[in-house]
Amino acid sequence: MTEPAIRVSDVTKIFPTPFRRRRIVALQHLNLEIAPGEIYGLLGPNGSGKSTTLKIILGLIQPTRGSVRVFGRDNSTVAVRRDIGFLPENAYFHKFLTGTETLRFHARLSGLGSRESKSRIAELLETVGLTRAADARLSTYSKGMLQRIGLAQALIHRPKILVLDEPTAAVDPAGSRDIQNLIASSKKTGTTILLSSHLLTQVQEVCDRIGILHRGKLIREGRLEDLLAIENQTEFIVENTTPEFLDQLERQIASVNGRVVLRRKPQTSLEQLFLKVTETRDE
Ligand SMILES: Nc1ncnc2c1ncn2[C@@H]1O[C@H](COP(=O)(O)OP(=O)(O)OP(=O)(O)O)[C@@H](O)[C@H]1O
Ligand SMILES: [Mg+2]
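Numbering (my numbering), first residue to last: 56 to 338.
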């Protein structure tokens, strides 16, 4: 069996508080296994422990109990850190730097040579749609643009694992769509992706598997189609039939004791509608 890309084993995290008797149990006996190349979505309400989980995986905070292995190795080693790209929840940027300078800074930090980093930066700016804004200072960037530069920063050293804490927070629907596409294309290159979000439809579109955290416990986990399937129902969307044929079909279904629960025109989502009417964008 291949090693999981990420294995979180029985992790509990307790934050002490200044008030002696109170302590915050942020995670309780958390177990996660993420396979190489998988896109895993960690869902949960505010304060459920998503960011804490990601930070523990990255080795930024220590678990109170339990352990984390990344490709079978201890997550505190430098080699493991090299394998991971991280987009934090509230990424901090130097606002006086331009997009290019920001990426150059991170390229240096990850040990990329100057020739290699030049082409990598141009490629990434293109990928995240910031080529035109490359030489503008980050102080002029919108929230969505900052999120994109954050994503480019996380990708700069071609990490095997990408950890994204709410990658589409504060980004408009078209921007979110771009980020989703970027996530999907990173998957094609074999990157393992762990992301947190509370934007459920987006997670639904991009993730292979999800886990739902609630008060520090994983209360559900599985493949989306398994979690969302309604076992005793079947959905058809048909085109170019006649109302008479549909009536006939309905009678046939009734004749075998079946029941048509819903018959209606399919609806587009509000997101689809929004994207369609705002299709032409300057950026
Ligand atoms: N450094 C810290 N010190 C004390 N408590 C903390 C610390 N970091 C997180 N917590 C607490 O741990 C719990 C989980 O927080 P966490 O940030 O992991 O939640 P989250 O699921 O990422 O929430 P959100 O959706 O708001 O980002 C919360 O109760 C939070 O207050
Ligand atoms: Mg969080």
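Here a beta-carbon is modelled for each residue, glycine too, at the ideal position from N, C-alpha and C.
If you count every other CB in all the chains shown that lies within 10 Å of the CB of residue i, and 16 or more means buried, which is it?
i	result
A134	exposed
D129	exposed
Q208	buried
E221	buried
V293	exposed
Q288	exposed
F300	exposed
R340	Residue 340 falls outside the range modelled here, since the chain spans only 56 to 338, and no answer is possible.
G140	buried
I274	exposed
R159	buried
L328	exposed
L282	exposed
L317	exposed
V123	buried
From residue i to residue j, what does the alpha carbon distance come to, in whole angstroms?
i	j	result
L217	G245	11 Å
I176	G266	33 Å
M200	K320	37 Å
G184	D227	14 Å
I79	I111	16 Å
Q235	V261	7 Å
Q303	L279	34 Å
Q259	F148	30 Å
Assuming residue i contacts residue j under a Cβ cut-off of 8 Å, what Cβ separation, rounded to an integer in Å, is found between them?
i	j	result
K105	L268	6 Å
T107	K68	6 Å
V66	G102	At roughly 17 Å, the Cβ-Cβ gap does not stay under 8 Å, so V66 and G102 are not in contact.
L249	I89	6 Å
A229	T333	6 Å
L142	L193	Contact doesn't hold; Cβ gap of about 15 Å is too wide.
With a threshold of 6 Å on Cβ separation, who are the neighbours of residue i within its own chain once the five nearest residues in sequence on each side are excluded?
i	result
P91	A60 and T247
K272	Q83
A162	S172 and I211
K198	A225
L87	V63
P71	R78
I'd like the list of long-range same chain contacts for residue i, defined as Cβ closer than 7 Å, with 5 residues on each side in sequence excluded.
i	result
A189	T153, G154, T155 and L180
R170	none
L330	P228, A229 and R232
Excluding sequence positions up to five away, which residues of its chain have a Cβ less than 8 Å from the Cβ of residue i?
i	result
T256	S324 and E326
E93	A60, T247, I248, D263 and R264
Check each candidate in the options and name the one with the smallest Cα separation from residue i.
i	options	result
A81	P118, I285 and T132	P118
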